[in-house]
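Written below as structure tokens is the structure these notes are about.
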Amino acid sequence: MAFVLRHRTAHIPEPADSEEETTTAPMSPRGKGETSGSTNHLTAAECPSSQNGSLLDSEEQKRKGELDDRGAEEEPEEEERASGDEGFMGMTPLLQEAHHAMEKVEEFVHKVWEGRWRVIPHDVLPDWLKDNDYLVHGHRPPMPSFRACFKSIFRIHTETGNIWTHLLGCLFFLCLGLMYMFRPNMSFVAPIQEKVVIGMFFLGAILCLSFSWLFHTVYCHSEGVSKVFSKLDYSGIAFLIMGSFVPWLYYSFWCSPQPCVIYLLVILVLGLAAIFVSQCDFFATPQYRGVRAGVFVGLGLSGVVPTLHFVISEGLIKATTIGQMGWLFLMATLYITGACLYAARIPERFFPGKCDIWFHSHQLFHILVVAGAFVHFHGVSNLQEFRYTMGAGCTEDGNL
1 MAFVLRHRTA
11 HIPEPADSEE
21 ETTTAPMSPR
31 GKGETSGSTN
41 HLTAAECPSS
51 QNGSLLDSEE
61 QKRKGELDDR
71 GAEEEPEEEE
81 RASGDEGFMG
91 MTPLLQEAHH
101 AMEKVEEFVH
111 KVWEGRWRVI
121 PHDVLPDWLK
131 DNDYLVHGHR
141 PPMPSFRACF
151 KSIFRIHTET
161 GNIWTHLLGC
171 LFFLCLGLMY
181 MFRPNMSFVA
191 PIQEKVVIGM
201 FFLGAILCLS
211 FSWLFHTVYC
221 HSEGVSKVFS
231 KLDYSGIAFL
241 IMGSFVPWLY
251 YSFWCSPQPC
261 VIYLLVILVL
271 GLAAIFVSQC
281 DFFATPQYRG
291 VRAGVFVGLG
301 LSGVVPTLHF
311 VISEGLIKAT
321 TIGQMGWLFL
331 MATLYITGAC
341 LYAARIPERF
351 FPGKCDIWFH
361 SHQLFHILVV
371 AGAFVHFHGV
381 SNLQEFRYTM
391 GAGCTEDGNL
């Protein structure tokens, strides 16, 4: 600013000097009258123009001074902007490092939380996790991490038994199915057809058990994940029931293919209807526990019609011994018993808080499902052995 003021002072004209030069002009030898006249003439005509010029010069100098002031003010602003940009560019790596540090801290806290979470009582669970109020203690808290959910498999809580019963059952039927599929073709009358038919049962069992243990593992992740996997879980039950019918109808009506196809189509339609109903959100709520059990028990009991058909055509003794009806009745008993225990929540209903971890209704239901599936496989294997010994021929008075 001092430089600007000096600059402006140097260019501003001094009016006193101009007036002195005007008044001290040399006088003409003609006399005072002419001198005064000429002086008046110069003062009236020439002095205004000089004053106007000086005013214009001063205005131009003022404008130049204002422009210089603006330029002088803009230069520091530009310098400040440049320095600010340099400072921001210098701060960017620091901000990135701080962001990475925060991510590492969050990851560390998340890992600590995953390893140190504790089971909680039923009354502090969110509504979407409340399913059985007779299981008082030992519930997992919400875990918004799939890694934490799968790590919880190795912790003790209300779902530990549910997970491991069907996880081990899934591995068992997977190994059993592979062994059966790799049996030599000479052990079958129609190798491709029979392996496909029995493979349908193994597929249904593996899907059912897989969806089940996955649901019980991740259903505490979030409400949305719980809904998706609960629908898969219920669909898996329908797949198991439908898959169980296929080999039994195939071998029991070996010599009557038309009734076999009709019964298979009916079971397929009923199974798809059960899957459709199970996709509704209300189906998974605790209030519809009995409805869920009823839907799947009803789907299983649809096999009563082909069973009566088989018993009437073959006779009770032959149907029980050769037709493996005894094993099938045992299978149905196990399934229905498990469904009833699940719907009634027995035994925890009578012993609240005593069966939180082991031997509650859902866990017993899982055990009975695995046992029922194995019993069914045993009965179907006996039917397959009978068909192998009989060959492809059919008797005149029966379906076998």
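Per the UniProt record's numbering, the very first residue in the sequence shown carries number 1; after that it's consecutive. Glycine is no exception: its CB is placed at the ideal position from the N, C-alpha and C atoms.
Let me confirm a value: Trp254 is counted as buried when at least 16 other C-beta atoms fall within 10 Å, else exposed. Which label applies?
For this step, residue 254 is matched to residue 254 along the sequence shown. By the neighbour-count rule (16 or more Cβ atoms within 10 Å), Trp254 is buried.
Mark Ile312 as exposed unless 16 or more other C-beta atoms lie within 10 angstroms of its C-beta, in which case mark it buried.
Residue numbering aside, residue 312 sits at position 312 when the sequence shown is read from its first letter. It counts as exposed.
Short check: CB of His139 to CB of Ile120, under 8 Å?
Within the sequence shown, the letter at position 139 stands for residue 139. Within the sequence shown, the letter at position 120 stands for residue 120. The answer is yes: Cβ separation under 8 Å.
Quick check on DSSP: helix, strand or coil for Thr35?
Within the sequence shown, numbered from 1, the residue matching residue 35 stands at position 35. Caution applies to Thr35, whose pLDDT of 40 falls short of 50 and renders its modelled position unreliable; the model cannot decide the point.
Using alpha carbons as the reference points, say which of Glu159, Ile198, Leu94 lies closest to Leu178.
Counted from its first residue, the sequence shown places residue 178 at position 178. Considering only alpha carbons, the answer is Ile198.
Limits of the alpha helix (DSSP H) - the one that Thr217 falls within:
Along the sequence shown, read from residue 1 onward, the residue named residue 217 stands at position 217. From DSSP, the alpha helix (DSSP H) with Thr217 extends over 191 to 218.
In the DSSP output, what is Ile120 paired with across the bridge?
Residue numbering aside, residue 120 sits at position 120 when the sequence shown is read from its first letter. BP columns for Ile120 point to His139.
Same chain only: Cβ atoms within 7 Å of Pro306, ignoring 5 sequence neighbours per side:
For the purposes of this step, residue 306 is taken as residue 306 along the sequence shown, with counting starting at 1. So the qualifying residues of the chain are Leu249, Tyr263.
When you compare only the Cα positions, how much space is there between Leu203 and Val380?
Reading the sequence shown from its first residue, position 203 is the one you call residue 203. Reading the sequence shown from its first residue, position 380 is the one you call residue 380. Spanning the two alpha carbons is a distance of roughly 15 Å.
One question on the structure: do Ala274 and Phe296 come within less than 8 Å of each other, judged by their Cβ atoms?
Reading the sequence shown from its first residue, position 274 is the one you call residue 274. Reading the sequence shown from its first residue, position 296 is the one you call residue 296. For Ala274 and Phe296, yes; Cβs fall inside 8 Å.
Check whether the region 156 to 172 and the region 121 to 140 touch, using three or more Cβ-Cβ pairs below 8 Å as the test.
yes
Closest by C-alpha distance to Phe201, when choosing among Phe239, Ser222, Pro126, Cys220:
Residue mapping note: residue 201 aligns to position 201 of the sequence shown, counting from 1. When only C-alpha atoms are compared, the closest one is Phe239.
Pick from Asp131, Ala371, Pro142 that is closest to Val218, judged by C-alpha positions
Reading the sequence shown from its first residue, position 218 is the one you call residue 218. With distances taken between Cα atoms, Val218 lies closest to Pro142.
Could you tell me the alpha carbon to alpha carbon distance between Pro184 and Gly372, rounded to whole angstroms?
In the sequence shown, residue 184 corresponds to position 184, counting from 1. In the sequence shown, residue 372 corresponds to position 372, counting from 1. Spanning the two alpha carbons is a distance of roughly 27 Å.
Determine the extent of the alpha helix (DSSP H) in which Asn162 is found, giving its start and end residues.
For the purposes of this step, residue 162 is identified with residue 162 of the sequence shown, where counting begins at 1. It spans 160 to 181 - the alpha helix (DSSP H) in which Asn162 sits, taken as one unbroken run.
Which parts of the region 338 to 391 are runs of the alpha helix (DSSP H), unbroken and 4 residues or longer, counting only runs that do not cross its ends?
361 to 390
Does the separation of the CB atoms of Gly338 and Leu364 fall below 8 Å?
For this step, residue 338 is matched to residue 338 along the sequence shown. For this step, residue 364 is matched to residue 364 along the sequence shown. Against a cut-off of 8 Å, the Cβ pair of Leu364 and Gly338 comes out as a contact.
According to DSSP, is Trp254 part of a helix, a strand, or is it coil?
As a first step, residue 254 must be located in the sequence shown, where it is residue number 254. Trp254: coil per DSSP, three-state reduction.
Indicate whether Ser256 and Asp233 have their beta-carbon atoms separated by less than 8 Å.
Along the sequence shown, one-based indexing puts residue 256 at 256. Along the sequence shown, one-based indexing puts residue 233 at 233. For Ser256 and Asp233, no; Cβs fall outside 8 Å.
On the three-pair Cβ rule with 8 Å, is the region 330 to 347 touching the region 283 to 295?
yes
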